[in-house]
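Read in this note's numbering, the sequence shown has 851 at position 1, and its numbers run on one by one without any break. Positions of the beta carbon are idealized from the N, C-alpha and C atoms, including for glycine.
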Amino acid sequence: MTTTAELLGGAKITYDREGWCEYPLPFDAATVALLKQSVERISREARPEVVHEKGSGAVRAVHGCHTFDSVCARFTRLPRLVDLAQTLVGAPVYVYQFKVNLKQPYEGAAWPWHQDFTFWTVEDGMPAPDAVNITICLDNAHAENGPLVVIPGSHRHGLIDAPTGGATGDWRSHVSTDLAYTVSDDQAGRLLREYGSRTLLGPAGTVYAFHPSIVHSSSNNRSPDRRALMLITYNAVHNAPPHPTRPEFLVDRNTAAIERADSDSLTLPARETALR
Ligand code: SIN
Ligand code: MN
851 MTTTAELLGG AKITYDREGW CEYPLPFDAA TVALLKQSVE RISREARPEV VHEKGSGAVR
911 AVHGCHTFDS VCARFTRLPR LVDLAQTLVG APVYVYQFKV NLKQPYEGAA WPWHQDFTFW
971 TVEDGMPAPD AVNITICLDN AHAENGPLVV IPGSHRHGLI DAPTGGATGD WRSHVSTDLA
1031 YTVSDDQAGR LLREYGSRTL LGPAGTVYAF HPSIVHSSSN NRSPDRRALM LITYNAVHNA
1091 PPHPTRPEFL VDRNTAAIER ADSDSLTLPA RETALR
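Laid out in structure tokens, this is it:
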């Protein structure tokens, strides 16, 4: 039988080499159902954390839910995720950013080629790419509903097409399909010819991790199926930006090392249920 330590060790080797990996311990249907319940309830609320598609009422994303929803809060603390994040980053971590990109049927719009670290260092002053994105499919991700596509190995190139100006301060251009910082089609084409691409498909519950500097994108949702993808960014405690200015729902100000939950179950202990 493969132990957790062996799974984590294998994930770390692939992640360092490729800039992404699948973690072969998916979440079960009950856990995914609880997360979806929270996300769907939040997405019906009128609050700044809920972002819509350009020119439409379709919800594109919900942000920062781990700070106000007890199910999402507990989820970020599950040992399965914290151990994976700490292994991949190689240091104690905290949640830097939490979002769910919902890609509604036919309306969910693309994310052009980009590197997340550009946003985090230019806008927030994150010192180094000592962080990791962990993604959890809340819906099945298939070829037609706009799955995430990564260019393996591109994380080793540092910042590509790095902006020359300072921060835009315009956070809406960091969460819309008209992204502030993109990797040009020329550069993406060159990397694609060198490395190829991987499309991160899988049933609901599938877990992937990807590096802050990997070049990635996703296309419009061309299907009748929603593609909800949860993305949790864990950052090394030593790598917290000293003076972030973007809203707290994009850059968490609580930079203390995350406390692991007592188990991998999302069923809340009575104390935490009372807080909901
Ligand atoms: C991202 O680039 O951070 C998310 C892209 C997606 O949801 O497809
Ligand atoms: Mn991204």
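For a test of your reading of the model: does the CB of residue i fall under 7 Å from any non-hydrogen atom of the ligand SIN? Yes or no.
i       : result
HIS1066 : yes
GLY905  : no
GLY1052 : no
ASN951  : yes
ASP1011 : no
LEU885  : no
ASP1114 : no
Could you confirm whether any beta carbon from chain C is found closer than 8 Å to the beta carbon of residue i?
i      : result
TYR956 : Of the protein chains in this structure there is only one, and it is not chain C.
Any heavy atom of the ligand MN within a distance shorter than 7 Å of the CB on residue i?
i      : result
SER916 : According to the sequence provided, residue 916 is His. The question's Ser does not apply to it. It does not: the Cβ of HIS916 is nowhere closer than 7 Å to a heavy atom of the ligand MN.
TRP961 : yes
In terms of DSSP beta bridges, what is residue i paired with?
i       : result
GLY1052 : ALA991
LEU1079 : ASN951, CYS987
Between residue i and residue j, is the Cβ-Cβ spacing less than 8 Å?
i       : j       : result
LEU858  : LEU934  : yes
PRO955  : SER1073 : yes
ASP1102 : VAL945  : yes
ASP974  : PRO1062 : no
LYS953  : ASN1071 : yes
LEU1081 : THR937  : no
VAL909  : HIS902  : yes
ALA941  : VAL972  : no
LEU931  : LEU1116 : no
GLY1055 : ALA861  : no
THR881  : ALA960  : no
Residue ranges of each beta strand (DSSP E) run of no fewer than 3 residues wholly in the stretch 933–960, ordered along the chain? 943–951
Assess, as a yes-or-no matter, whether the stretch 865–873 is touched by the stretch 891–906 under the definition of 3 or more beta carbon pairs within less than 8 Å. Counting Cβ pairs under 8 Å, fewer than three are found: no touch.
Looking at C-beta atoms only, is the number of pairs between the stretch 1074–1092 and the stretch 992–1005 that lie closer than 8 Å three or more? yes
Contact between the stretch 1092–1102 and the stretch 981–988 (3+ Cβ pairs under 8 Å): no
Residue ranges of each alpha helix (DSSP H) run of no fewer than 4 residues wholly in the stretch 851–912, ordered along the chain? 854–868, 879–893
Beta strand (DSSP E) runs contained entirely in the stretch 977–1040, provided each spans 3 or more residues: 981–987, 998–1000
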